[in-house]
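Structure, as structure tokens:
Residue numbers (the working numbering): 3 to 167.
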């Protein structure tokens, strides 16, 4: 039951992911409608069987003030797939400033990336070019739809139409 359900706003834009249980409650209370069913099983009660939702749409449009994806250690590592962006290692991960703070680099989506302790130490207070390191994927701020894809783990085929806007 750790499967996620894509939640669409009243205008069919993706706003978040929720648990199957939360989605079922919204459906049961008529606060949402089911757009697509999951192909992975059903929900059972004592007397009834219900289809497991994959995508739900809220009945009413909800104004969600979009502040962007929060800049946090976990979100940066999630964006970078929990891999060192210099060597690809998944062990002893830290955050690295591409342009070091000692040289005026800031803590932003475009300047922070995931690095293993060995590469981070080898880089020191230099830029990757000066240290002879190559960045596998240059850091940038993720979009909401891209971040929902990362957060979901496995993506239901039905979601692609709503997450590729």
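Positions of the beta carbon are idealized from the N, C-alpha and C atoms, including for glycine.
Whole-angstrom distance between residue j and residue i, CA atom to CA atom
{"i": "residue 35", "j": "residue 112", "result": "38 Å"}
{"i": "residue 13", "j": "residue 63", "result": "7 Å"}
{"i": "residue 87", "j": "residue 27", "result": "41 Å"}
{"i": "residue 106", "j": "residue 4", "result": "43 Å"}
{"i": "residue 60", "j": "residue 132", "result": "51 Å"}
{"i": "residue 163", "j": "residue 147", "result": "11 Å"}
Helix, strand or coil at residue i according to DSSP, with G and I counted as helix
{"i": "residue 73", "result": "coil"}
{"i": "residue 43", "result": "strand"}
{"i": "residue 52", "result": "strand"}
{"i": "residue 31", "result": "coil"}
Same chain, Cβ closer than 6 Å to residue i, five either side skipped, listed in chain order
{"i": "residue 161", "result": "8"}
{"i": "residue 55", "result": "7, 25 and 36"}
{"i": "residue 57", "result": "8, 37, 38 and 160"}
{"i": "residue 104", "result": "127"}
{"i": "residue 102", "result": "127"}
Beta-carbon proximity check, residue i vs residue j, cutoff 9 Å
{"i": "residue 96", "j": "residue 116", "result": "yes"}
{"i": "residue 80", "j": "residue 165", "result": "no"}
{"i": "residue 22", "j": "residue 40", "result": "yes"}
{"i": "residue 135", "j": "residue 110", "result": "no"}
{"i": "residue 139", "j": "residue 82", "result": "yes"}
Residue from the options with nearest C-alpha to residue i
{"i": "residue 149", "options": "31, 141, 71 and 140", "result": "71"}
{"i": "residue 30", "options": "45, 130 and 99", "result": "45"}
{"i": "residue 11", "options": "65, 20, 51 and 32", "result": "65"}
{"i": "residue 69", "options": "129, 17 and 84", "result": "17"}
Residues of its chain near residue i, where Cβ-Cβ distance is below 7 Å and the 5 sequence neighbours each way are ignored
{"i": "residue 119", "result": "94 and 96"}
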